[in-house]
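Each remark here refers to the structure printed beneath this line.
Protein chains in written order, with UniProt numbering: chain A, 1 to 295; chain B, 1 to 248; chain C, 1 to 360.
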C-alpha cells in the first residue's frame with residue numbers, strides 16, 4: 001500500500017513538473033497554435049536566473065523568492081522578442097514555426113554554453129525545501145516536490161483567473177476563437193498575441209526556477225523535457241487548460257507506474273503506445289472545441 | 001435511379017439544433033433549389049447528406065442509405081458537392097484538378113504512372129465549363145467565377161449523380177449566371193441537382209422546384225410560384241411585405 | 001481506392017512532357033557522372049568516406065521531401081526508421097564478424113547473456129537482414145500511419161507525435177545495454193558480407209553502392225512526384241478534407257508517402273552502418289531526427305533534388321565548420337533553421353524561379 005502510494009506521489013510530482021512546463025505551452029501552442037520549440041530554453045533561462053541571482057543573494061530562500069518574478073520577466077521578455085522578430089512572420093505556418101524555433105533553441109543553448117560553460121551548474125535550495133516530509137504510514141515525500149506541486153497548482157489557478165476574469169483574458173479568448181473577427185472588432189490582435197506570448201513564456205521561466213530544486217541546470221536541460229510537455233498539450237486538447245492539467249498528472253502517474261513495474265527504457269515505449277491508443281479514441285485530445293469549420 | 005429522400009433529419013451542434021426534423025423528396029432529374037434566411041440550416045443539410053457532420057434520421061439516394069457512411073464512401077455512391085467558398089486545389093493546374101476528380105475508381109497501381117493523355121471525360125468537362133484555354137494554369141490563379149466553374153467541372157468528371165451545389169453563382173456576373181443556369185438544366189437530364197442559392201432572380205429562372213427552410217425546418221415546398229405565394233414564406237423573408245422580388 | 005477497372009489511358013506523351021523528360025534524364029546523367037566519376041577522382045579516401053556518409057543523409061532527405069514537401073507531413077521521427085534499418089544491418093554484420101555460434105563482442109563484454117536473444121537470431125541470415133533493413137521501417141510506418149492518419153491526426157499533432165516516437169526509441173535503446181549495446185550502440189564493425197571494411201578498395205565499393213542507391217531513390221521519388229499519385233498527394237497536402245468529397249480516403253494517400261519515406265530512411269541507415277561503422281541511440285533520437293529536416297528545408301522541401309543537395313550541403317558545412325570552430329557551427333545551424341524557412345520557404349530550389357520573377 002505504502003509502495004503504491006509512494007509511486008502515486010512520484011507520478012503526481014512528475015505530473016506537476018510536466019504541468020508547469022506544459023502550462024505555458026498550452027497558452028502559446030494551445031491558444032495561438034504556435035509550436036515554440038525554444039520553450040525548453042526559456043525554462044533553461046529561468047533556471048540560470050536562479051544561478052545568477054545566487055551569485056548576488058546569498059540566502060537560498062530569498063534568492064528563490066526573488067527569482068520567481070525575475071525569471072518570469074526574463075523568459076517572458078525572451079518570448080516577446082521571439083514573437084516580435086520571427087513568429088509574427090509565420091502565423092498560418094505552424095510547422096515552419098516549429099523548425100524556426102528549434103533553430104532559436106539551438107542558438108540559445110550554445111549561448112548558454114558560451115556564457116555559463118558546458119558543464120551543469122548547481123544552485124542551493126533553501127533548507128526548508130531540502131528535507132522530506134514524513135507522513136503516517138511510512139510515506140516519505142521530498143518537500144521540494146511538494147513545493148513544485150503547490151507552485152504548479154498556483155500557476156494553474158492564477159492563469160485560469162487571468163483568462164476568465166480580466167479583460168486581457170477576454171481578449172485572448174476572443175483572438176483564439178476568431179482572429180479575423182477580433183481584428184475587425186478593433187482588437188489589436190498583435191498586442192494580444194505578444195501579451196499571450198509573454199505570459200506563456202514567463203510560465204516557462206517559473207518552471208525553470210522550480211527545476212533548479214530537483215535537478216542540475218545545464219544548456220541541454222530544455223531539449224529533454226520539451227517533447228513530453230508537447231505531448232501533454234496534444235493529448236489534453238488544444239486550447240483546453242483543464243485537459244492539460246488532467247493529462248499532465250495522468251501521464252506522470254502512468255509513467256511512474258510503468259517505470260516501476262518495468263524499466264525506464266521499456267516504459268518510454270509503452271507510454272508512447274498508450275498515447276497512440278488514446279488518440280484512437282480521442283484524436284483531437286481529451287477536450288475539444290467543436291466548430292463547424294471545414295476544408 | 002430514385003432520387004434523394006431525406007426523412008426526419010436532425011443535426012445538433014453542442015445543444016444547438018441546426019437541422020430540426022427535415023423531410024425532403026427530390027425526384028431524379030429535378031433541379032431543386034433550397035432557400036432560406038441565414039442560419040436556416042441549408043449548408044448543414046448538405047453537410048449531413050455528404051457525411052461531413054453527424055446526423056440522425058435517414059438519407060437515401062439511389063436506394064443507398066447514406067447516413068453513417070464515411071465522406072469518401074458517400075462520394076463513391078455518386079454524391080458530389082461544391083462549397084460556398086470554392087474549394088479547388090490551388091497548387092495544381094485546372095487539368096490536374098479535373099483529373100483527380102475523375103480518379104478514385106482508378107486502380108491504385110495505375111496512379112503510379114504519369115498521365116499520358118487527357119482522359120476523354122476530363123476533356124469533355126473542360127469544354128463544358130469553358131476552361132479549355134486555362135487548363136494548364138494553376139487553379140489558384142483563376143478568377144472567383146472560374147473556380148466555381150472548375151468545381152462544377154470536377155463534379156462532372158466525378159460522374160456524380162446527385163449534385164449538391166452551395167451558392168454556385170455567388171459573385172458571378174449576369175452572363176456567367178445565365179451560363180451556369182443553362183448548364184444546371186442540361187446536367188439534370190440524367191442527374192439530380194440540389195442548389196442552395198440566395199439569388200431570387202436566378203431561382204425564378206432556373207429552379208424547377210423550391211424548398212424553403214427556416215430555423216432548421218422545412219417551411220414550404222413547391223414550384224416557384226407556389227412558394228412565392230405562400231404567406232409564411234413572405235413573413236420569414238420580408239416581415240410582412242407581399243412581393244418577394246429581390247431578397248438576398 | 002477499390003480496384004475498379006479504369007479506362008485505359010494510352011501513353012502517347014505530350015511534347016511538353018517529353019522536354020521535361022529530357023531535362024530529367026540529363027539531370028540524372030550529370031548526377032551519375034558527378035557521383036561515379038568526378039567525386040572519386042577529386043576526393044581522397046577520407047573525403048570520399050565522408051561523402052558516402054552525406055549521401056546516406058541525402059537518401060533520408062529525399063524521403064522527407066516526399067512526405068513533408070509534397071505530402072505536408074512534417075516527420076520529426078525519421079531517426080526511428082533510420083535506426084531500424086541501421087540496427088538491422090549492424091546486427092547482421094556483428095553476427096557475421098563474431099562468426100557462427102559466437103556472441104557479438106559487446107554481449108560477451110557485458111556478460112549478461114550466455115545465449116543470443118531470440119530476436120537476434122534471424123538476423124544471422126543475410127537475406128533476412130537485408131530485407132529487414134527496409135521492410136522493418138516500412139512495416140512500423142505502416143502500422144503507425146494506419147493508426148494516426150485514419151484518425152485524422154495531422155499537422156502539428158503528427159509532427160509532435162513523430163518526435164515523441166524518436167524520443168521513446170532513443171530512450172528504449174539506451175536502456176537495452178545487453179542486447180543493443182546501450183548508449184554505445186553497435187560499433188566497431190569490421191566486415192560487410194565478407195568484404196573487409198578496413199580495406200580502402202572495399203570502402204570505395206561501399207561509396208559506389210550508396211551513390212547508386214541515392215540515384216535509385218531519386219528515381220523512385222521522381223516517378224512518384226510526376227505520377228497521378230504525386231498530384232493527388234499535393235491535393236491532399238493542400239486540402240485534405242476536400243479530397244474526401246471526390247471519393248478518396250486521404251489516409252491511404254498519405255500512408256504511401258510516409259511508408260516510402262520510412263523505407264528510404266531505413267535503407268539509408270543500412271548503408272550508413274558499413275560506411276561509418278557505427279549505429280547508436282545518439283543517431284536516432286529527437287536531435288538527429290530534426291536535423292535530417294534542416295537540409296530539406298534549405299534545399300527546397302517540395303523539389304526533387306533540393307532535399308538531397310541541401311542535406312549534403314548542410315552535412316558538409318557541419319564537418320567544415322565544426323572542425324575549425326565547434327561553437328560557431330551550432331549558431332550557424334540555428335540560423336539554418338531560421339533564415340531559409342522565414343525568408344525563403346521554397347528553399348534554394350525556388351531561387352531560380354524567384355529570380356526570374358524579379359527580373360520580369
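Built from N, CA and C at the ideal position, the CB exists for glycine as well. Please read these numbers as outputs of a predicted model, since none were measured by experiment.
Residues of its chain near residue i, where Cβ-Cβ distance is below 8 angstroms and the 5 sequence neighbours each way are ignored
{"i": "residue 79 of chain B", "result": "49, 50, 61, 66, 160, 161, 162, 164"}
{"i": "residue 286 of chain A", "result": "235, 236, 237, 240, 243, 246, 247"}
{"i": "residue 82 of chain A", "result": "36, 38, 101, 104, 197, 201"}
{"i": "residue 229 of chain C", "result": "253, 256"}
Spatial distance of residue i from residue j (CA atoms)
{"i": "residue 233 of chain B", "j": "residue 96 of chain A", "result": "51 angstroms"}
{"i": "residue 46 of chain A", "j": "residue 71 of chain A", "result": "5 angstroms"}
{"i": "residue 163 of chain A", "j": "residue 156 of chain A", "result": "10 angstroms"}
{"i": "residue 25 of chain A", "j": "residue 222 of chain A", "result": "13 angstroms"}
{"i": "residue 73 of chain B", "j": "residue 32 of chain B", "result": "24 angstroms"}
{"i": "residue 350 of chain C", "j": "residue 300 of chain C", "result": "7 angstroms"}
{"i": "residue 2 of chain B", "j": "residue 189 of chain B", "result": "14 angstroms"}
{"i": "residue 167 of chain A", "j": "residue 224 of chain A", "result": "36 angstroms"}
{"i": "residue 18 of chain A", "j": "residue 231 of chain A", "result": "10 angstroms"}
{"i": "residue 56 of chain B", "j": "residue 213 of chain B", "result": "18 angstroms"}
{"i": "residue 246 of chain C", "j": "residue 239 of chain C", "result": "12 angstroms"}
{"i": "residue 275 of chain A", "j": "residue 174 of chain A", "result": "31 angstroms"}
{"i": "residue 253 of chain A", "j": "residue 112 of chain B", "result": "47 angstroms"}
{"i": "residue 103 of chain B", "j": "residue 158 of chain B", "result": "8 angstroms"}
{"i": "residue 197 of chain C", "j": "residue 218 of chain C", "result": "27 angstroms"}
{"i": "residue 125 of chain B", "j": "residue 142 of chain B", "result": "17 angstroms"}
{"i": "residue 332 of chain C", "j": "residue 318 of chain C", "result": "9 angstroms"}
{"i": "residue 15 of chain B", "j": "residue 243 of chain C", "result": "30 angstroms"}
{"i": "residue 227 of chain B", "j": "residue 138 of chain B", "result": "42 angstroms"}
Cβ-based neighbour list, residue i, same chain, cut-off 7 angstroms, excluding 5 preceding and 5 following
{"i": "residue 141 of chain C", "result": "81, 258, 259, 262"}
{"i": "residue 37 of chain A", "result": "98, 101, 102, 105, 226"}
{"i": "residue 361 of chain C", "result": "Residue 361 of chain C falls outside the range modelled here, since chain C spans only 1 to 360, and no answer is possible."}
{"i": "residue 32 of chain C", "result": "215"}
{"i": "residue 43 of chain C", "result": "51"}
Nearest to residue i (by Cα), restricted to the options the options
{"i": "residue 84 of chain A", "options": "A:196, A:129, A:26", "result": "A:196"}
{"i": "residue 28 of chain C", "options": "C:345, C:304, C:357", "result": "C:304"}
{"i": "residue 284 of chain A", "options": "A:21, A:9, A:136, A:30", "result": "A:30"}
{"i": "residue 315 of chain C", "options": "C:240, C:213, C:60", "result": "C:60"}
{"i": "residue 87 of chain A", "options": "C:89, C:355, C:338, C:323", "result": "C:338"}
{"i": "residue 117 of chain C", "options": "C:176, C:190, C:43, C:172", "result": "C:176"}
{"i": "residue 10 of chain A", "options": "A:198, A:67, A:249", "result": "A:249"}
{"i": "residue 288 of chain A", "options": "B:125, B:23, B:13", "result": "B:13"}
{"i": "residue 54 of chain B", "options": "B:22, B:76, B:10", "result": "B:10"}
{"i": "residue 236 of chain B", "options": "B:24, B:220, B:175", "result": "B:220"}
{"i": "residue 24 of chain C", "options": "C:223, C:147, C:277", "result": "C:223"}
{"i": "residue 112 of chain C", "options": "C:186, C:166, C:180", "result": "C:180"}
{"i": "residue 204 of chain B", "options": "B:191, B:68, B:181, B:97", "result": "B:181"}
8 angstroms Cβ cutoff met for residue i and residue j
{"i": "residue 215 of chain C", "j": "residue 149 of chain C", "result": "no"}
{"i": "residue 159 of chain A", "j": "residue 61 of chain A", "result": "no"}
{"i": "residue 197 of chain B", "j": "residue 140 of chain B", "result": "no"}
{"i": "residue 347 of chain C", "j": "residue 340 of chain C", "result": "yes"}
{"i": "residue 122 of chain B", "j": "residue 95 of chain B", "result": "yes"}
{"i": "residue 83 of chain C", "j": "residue 273 of chain C", "result": "no"}
{"i": "residue 394 of chain C", "j": "residue 170 of chain C", "result": "Because residue 394 of chain C is not part of the residues shown, which for chain C are 1 to 360, the question remains open."}
{"i": "residue 89 of chain C", "j": "residue 270 of chain C", "result": "yes"}
{"i": "residue 192 of chain B", "j": "residue 153 of chain B", "result": "no"}
Cβ shell of residue i (< 6 angstroms), same chain only, five flanking positions each side left out
{"i": "residue 8 of chain C", "result": "With a pLDDT of only 33 at residue 8 of chain C, under 50, the local geometry of the prediction cannot be trusted, and no value is derived from it."}
{"i": "residue 279 of chain A", "result": "none"}
{"i": "residue 207 of chain C", "result": "48, 52"}
{"i": "residue 35 of chain B", "result": "212"}
{"i": "residue 216 of chain A", "result": "120"}
{"i": "residue 293 of chain A", "result": "Note that residue 293 of chain A scores a pLDDT of 43, beneath 50, so its modelled location is shaky; the value from the coordinates is reported in the next line. So the list is empty, once near-sequence residues are dropped."}
In chain order, what are the residue ranges of uninterrupted beta strand (DSSP E) at least 3 long that sit wholly in the region 21-61 of chain B? 31-35, 56-61
Report the start-end ranges of each beta strand (DSSP E) in the region 127-215 of chain A that is 3 residues or longer and not cut off at the edges. 132-135, 139-142
Mind listing, in chain order, the continuous alpha helix (DSSP H) runs of no fewer than 4 residues lying wholly within the region 54-116 of chain A? 60-85, 94-116
Which full runs of the alpha helix (DSSP H) of 4+ residues lie inside the region 180-268 of chain C, going along the chain? 200-226, 228-238, 240-244
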